[in-house]
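Here the protein sequences come in this chain order: A and B. For reference, each letter of the first sequence is one residue, going 1 to 400 in my numbering. For reference, each letter of the second sequence is one residue, going 1001 to 1210 in my numbering. Just below is one structure, and these are the notes that go with it.
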Amino acid sequence: MSTRGSSILNQLLLLHTGRTRLWTALAVLAAGTFLLLLSVLAWSDFDLLIKGGEGSGTESYIVIGKQITERNMGTASTNAFSASEISEVRHAPQVLDAGEITPALFPVYAEVGGQLPLQTELPLASVPDRFLDAVPPDWNWQPGNPNLPVVLAARFLDIYNYVFAPGQGLPQLSRGSVQAIGMRMKVGSDPSVQVFSAHISGFSDRVGSVLVPQSFITYGNSRFAASAGPVRVMQLILRVADPSDPQFVTWLQQHGYTTEPQGLQWSRMRAIVQSVAAATGGLAVLLMVAGALIFMLFIELSVTRSRSSLVLLHQLGYSRRYLVRYMMRRFLPRVAGSLLLALAGTVFVQVVVSSRLAAAQLHLPALPGAVVWAAFVLCSVLVSAAVYRAIVRSVAAAEA
Amino acid sequence: MRGLVPAHLVQQLAGRPSQVWNTEVTLPSGACVFVQAPSGRGKTTLIHMLYGLRTGYTGSISFGDTKMEQLSDDQLSALRAKELSVIFQDMRLFPSLTAFENIEVKRALTNSVTAEEVQAWLAQLGIADKAQSMAATLSYGEQQRVAIIRALVQPFAWLLMDEPFSHLDAANRQLAIDLIKSVAQRRNAGLFLTDLDANNYFPYTHTFLM
């Protein structure tokens, strides 16, 4: 068709409708799509942030134990993990690995000499080496070896430096200087006592105990245990893919297991953001549907107004298919413009948010993630299909 | 045409002899056909049925091997664009377009006639000065001439004409007849005209009374 012919068709079919109506319909469509993409963006960005918030990928280590209540206090046997419970934990949602924290069943008395006249009992325990923050190079012990490496919970040093030392007039110590201090460790009780030369070879942020190699705990429990009997596992250390997963948190609650609340704080935030995103998303879907409906009504109104022209064009030899295609060619670029405007707005928001968050050491990609693009493609397909259907129906109805 | 009876004329046509309704009529391509009938006998209905605008009838209409009743919308539109042209009794122009644009809408479908030819035909029928006038402002006679030219700017094997000269004086009628004859001859097309009274506008090969 010539340009002149096309402009005549344009005059017949599209000039009857007001420009204000057209722009209003397109603006509502753009606003709805923008909000929808924005809620998807908020959801995906937060997802990225909580995954990046753990430092090294999504994985995290947490220690769990059974909740001690008035009812079960004093019954250590029921508060310990059975073999079947440990097996169940390994298959819990998000759990990648589980290790037993084996406590020492014997008394341990440590003395630090020199300028630090410290004497204290120590709660020794061991975990499988793979659960240590970093395995120290000298992390091994064999029976007969008088030297014992120790990994100290980092918070113990914090308590010493910030609470104990200032009160007792003792010097505060760096991690390096603590590792240089030797300890005399008296293990067992009279008459079976053995003395070891211990030193701190590392620190752990994961476990809140004093850790020694597993071989030492096994040896000590068989040699110095106050009472014979199986070792009760009171705590487990878990490697968790995503501790903020609500499924995992629910699982912990259902089984009455406790853990440090910090490990799960993201879960609460995630739940809040997810509900906000869902609510916004719901509103956005409503607005987008309203936008699409207004636009379809606009199309139907346009077609109704040019009904007589459509009928005569059809009588003159213009097929319905041609007329539908012609109207699609006229409307689709405008619809696409609206949707692209919404996309541009979303990309702009992501650019601004990512640059602002970078200042707070929170790293987001400069462009929206795949899920936002997928949502955009889905919106575009759905809106185009709806517009096509409205045009086909209107053209068919014009002849009826 | 075979056994045609339009649904809304069943009562009216019952018991009345007709050479068109409820009978079989076969026309060779390139024929020149005249159907004569007084008002109310269904001349316009027949033209609309032949053009595929009206579907409420019994019987069937075929173009060669093609049955009108079995055509899809695309096929019917292609037929109207390339095989079958029509001059409506009520002209059916777009009132919001100029005379030239009304013709252009049809011409743009196939581009089988140049814009210069259209200008020449407008001049031939004495309405060149009305080319840029809105159709709504034209007299019936002028509108009828625009409708005639519009029907000629496409390829056609048959030209259907429903009282095509009803608003023209004898001189203008003759100009229109001459134009139609020359274009139809060039296209080897058949002519199918309905009118109230007997006439010799064209050299009819077939004449029917409704």
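In this text, a Cβ means the ideal position worked out from N, Cα and C, and glycines have one as well. All values derive from a computational prediction rather than experimental measurement.
- Secondary-structure assignment with DSSP links H1167 of chain B through no beta bridge to anything.
- Following the DSSP letters along the chain, one finds E70 of chain A in no alpha helix (DSSP H), marked with neither H nor E.
- Spatial neighbours of A226 of chain A in its own chain (CB-CB distance under 8 Å, excluding positions within 5 residues in sequence) are listed in chain order as L105, F106, P107, S189.
- For S309 of chain A, the uninterrupted alpha helix (DSSP H) run begins and ends at 307-316, by DSSP.
- Where G208 of chain A is concerned, there is no enclosing alpha helix (DSSP H), because DSSP gives it neither an H nor an E.
- Taking a contact as a CB-CB distance under 8 Å, the pair I1061 of chain B and L1004 of chain B counts as one, their CB atoms being some 7 Å apart.
- For F1156 of chain B, same chain residues with a beta-carbon under 7 Å away, outside a window of 5 residues either side, are E1083, L1084, S1085, R1187, A1189 in chain order.
- The straight-line gap separating the alpha-carbon atoms of T1098 of chain B and L310 of chain A is approximately 17 Å.
- For T346 of chain A, the enclosing alpha helix (DSSP H) has its first and last residue at 320-358.
- Cβ proximity to chain A below 9 Å picks out K1106, R1107, A1108, L1109, T1110, N1111, A1115 from the stretch 1106-1119 of chain B.
- Counting along the chain, V1086 of chain B sits inside the beta strand (DSSP E) bounded by residues 1084-1087.
- Per DSSP, H1048 of chain B is one residue of the alpha helix (DSSP H) stretching across 1043-1050.
- Nearest C-alpha to F131 of chain A among A:S174, A:V63, A:V387, A:F164: A:V63.
- Where V1010 of chain B is concerned, there is no enclosing beta strand (DSSP E), although the alpha helix (DSSP H) around it starts and stops at 1010-1013.
- In this structure, DSSP gives F1100 of chain B a helical state, which the three-state scheme calls helix.
- The DSSP assignment places complete alpha helix (DSSP H) segments of no fewer than 4 residues inside the stretch 64-134 of chain A at 76-79, 83-90, in order along the chain.
- DSSP places I237 of chain A inside the beta strand (DSSP E), whose first and last residues are 235-240.
- The residues K186, V187, in chain order, have a CB closer than 8 Å to that of V193 of chain A in the same chain once the five nearest residues on each side in sequence are set aside.
- Excluding sequence positions up to five before and after N79 of chain A, its CB lies within less than 7 Å of the CB of K66, I68, N72, M234, all in the same chain and listed in chain order.
- For G1040 of chain B, same chain residues with a beta-carbon under 8 Å away, outside a window of 5 residues either side, are Q1012 in chain order.
- Legend: CB atoms of the stretch 30-42 of chain A lying less than 7 Å from CB atoms of chain B are not found in any residue.
- Contact of E1142 of chain B with chain A by beta-carbon distance below 9 Å is absent, the smallest such distance being about 18 Å.
- Between R1145 of chain B and chain A, the shortest Cβ-Cβ separation is not below 8 Å.
- By the neighbour-count definition (other C-beta atoms within 10 Å, threshold 16), I237 of chain A is a buried residue.
- When C-beta atoms of the stretch 287-305 of chain A are compared with those of the stretch 377-396 of chain A, three or more pairs fall below 8 Å, so the two segments count as touching.
- Under the 10 Å beta carbon count, N221 of chain A is surrounded by 16 or more other beta carbons and is classified as buried.
- Within chain B, no C-beta atom comes less than 7 Å from the C-beta of Q247 of chain A; the nearest is roughly 55 Å away.
- Secondary structure note for P246 of chain A: its alpha helix (DSSP H) is the uninterrupted segment 246-254.
- For R321 of chain A, at least one C-beta of chain B is nearer than 8 Å to its own C-beta.
- Within 8 Å of the CB of D1162 of chain B, no CB atom of chain A is found; the nearest one sits about 13 Å away.
- Taking the beta carbon of E1101 of chain B as reference, the chain A residues within 7 Å of it are I8, listed in sequence order.
- Taking C-beta atoms under 8 Å as the contact rule, H199 of chain A and G176 of chain A fail to qualify, at a distance of about 13 Å.
- Just so you know, the alpha carbons of T3 of chain A and R1107 of chain B end up roughly 12 Å apart.
- Classified as exposed, Y1140 of chain B has fewer than 16 neighbouring CB atoms from the shown chains inside 10 Å of its CB.
- A1157 of chain B has a beta carbon lying at 8 Å or more from every beta carbon in chain A.
- Its chain contains L41, T346, V347, Q350 as the residues whose beta carbon lies nearer than 7 Å to that of P368 of chain A, once the 5 sequence neighbours on both sides are disregarded; these appear in chain order.
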